[in-house]
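Heads up: the structure comes next, in structure tokens.
Residue numbers (the working numbering): 33 to 291.
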């Protein structure tokens, strides 16, 4: 099997498996005739069914061997070398599903996909997915897009507010000042290992979901602003993929006004 894509390799082995299934099914059917003939003592039919069963079983064994030998695709190399990601991106584009690569991850609103070459799986929003056939994975991402996100905007806004207050106090800034979202992220991931549990890509995605939710007022009546300022031209900006498939950039935030 010399296929260069996982999709074509799986299609080929699926066709070969279908042949093996038919061979095995034919042998099983004849073996059942042997059982039925033995149960009733139909010796003549028994003898014929035994011969046919042996022939079909040999054919089925050959088909199974060919099936096993037919799978020569190096899936680990395909994943580790980046070819799998490229295959997903190309197929998604053909299917009209917005998927983009960013920092070794695939962004497909509202999902973030991490490719795991070690065990040839993907992780979609922290949930391991072992079904990695490209057409199946793209269909899964398309379904997630149609369902929309499960996102608690109010809770996320309050978490942002707490981190914002920490940064403002630490740097002795005026209330309502604009601070870098990279600094907010640093506060949110202060605990050891939390940066692995909550990545910058997830933070940027959640900022976009909050932005789209229309929730901007905290419990203490302050209003969130995510200004598009000169900060976006500096370092530490956060990028994600919008619902439209376009890149969305975030850099700073402020909380102003208090009733």
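Positions of the beta carbon are idealized from the N, C-alpha and C atoms, including for glycine.
Treat the numbers as computed from the prediction; the structure is a model and nothing was measured.
Compare the Cα-Cα distances from residue i to each of the options and report the closest residue.
| i | options | result |
| --- | --- | --- |
| residue 140 | 109, 180, 151 and 114 | 180 |
| residue 102 | 146, 161, 175 and 44 | 44 |
| residue 190 | 212, 249 and 213 | 249 |
| residue 133 | 246, 147 and 175 | 147 |
| residue 176 | 91, 235 and 145 | 145 |
| residue 185 | 156, 222, 200 and 238 | 238 |
| residue 284 | 272, 211, 246 and 252 | 211 |
| residue 276 | 195, 203 and 174 | 174 |
| residue 58 | 42, 40, 95 and 71 | 95 |
| residue 182 | 127, 46, 244 and 202 | 244 |
Mind checking whether residue i and residue j have CB atoms under 8 Å apart?
| i | j | result |
| --- | --- | --- |
| residue 218 | residue 257 | no |
| residue 105 | residue 35 | yes |
| residue 280 | residue 230 | no |
| residue 123 | residue 170 | yes |
| residue 66 | residue 56 | no |
| residue 153 | residue 161 | yes |
| residue 192 | residue 232 | no |
| residue 116 | residue 205 | no |
| residue 242 | residue 188 | yes |
| residue 88 | residue 48 | no |
| residue 214 | residue 272 | no |
| residue 288 | residue 208 | yes |
| residue 138 | residue 131 | yes |
Using a 10 Å radius around the Cβ and a threshold of 16 neighbouring Cβ atoms, would you call residue i buried or exposed?
| i | result |
| --- | --- |
| residue 62 | buried |
| residue 142 | buried |
| residue 64 | exposed |
| residue 50 | exposed |
| residue 81 | buried |
| residue 108 | exposed |
| residue 119 | buried |
| residue 68 | exposed |
| residue 254 | buried |
| residue 33 | With a pLDDT of 43 at residue 33, under the threshold of 50, the modelled position of that residue is not reliable, and the figure given next carries that caveat. Classification of residue 33: exposed, given that the 10 Å Cβ count is below 16. |
| residue 72 | exposed |
| residue 41 | buried |
DSSP three-state call for residue i: helix, strand or coil?
| i | result |
| --- | --- |
| residue 232 | helix |
| residue 213 | helix |
| residue 270 | strand |
| residue 36 | coil |
| residue 255 | strand |
| residue 167 | helix |
| residue 182 | coil |
| residue 221 | coil |
| residue 247 | coil |
| residue 281 | strand |
| residue 288 | strand |
| residue 276 | coil |
| residue 206 | coil |
| residue 260 | coil |
| residue 194 | helix |
Requested in this report: Go through the stretch 101-162 residue by residue and report every complete run of the beta strand (DSSP E) that reaches 3 residues or more, in order.
Outcome: 132-134, 137-140, 143-148, 153-156 and 159-161
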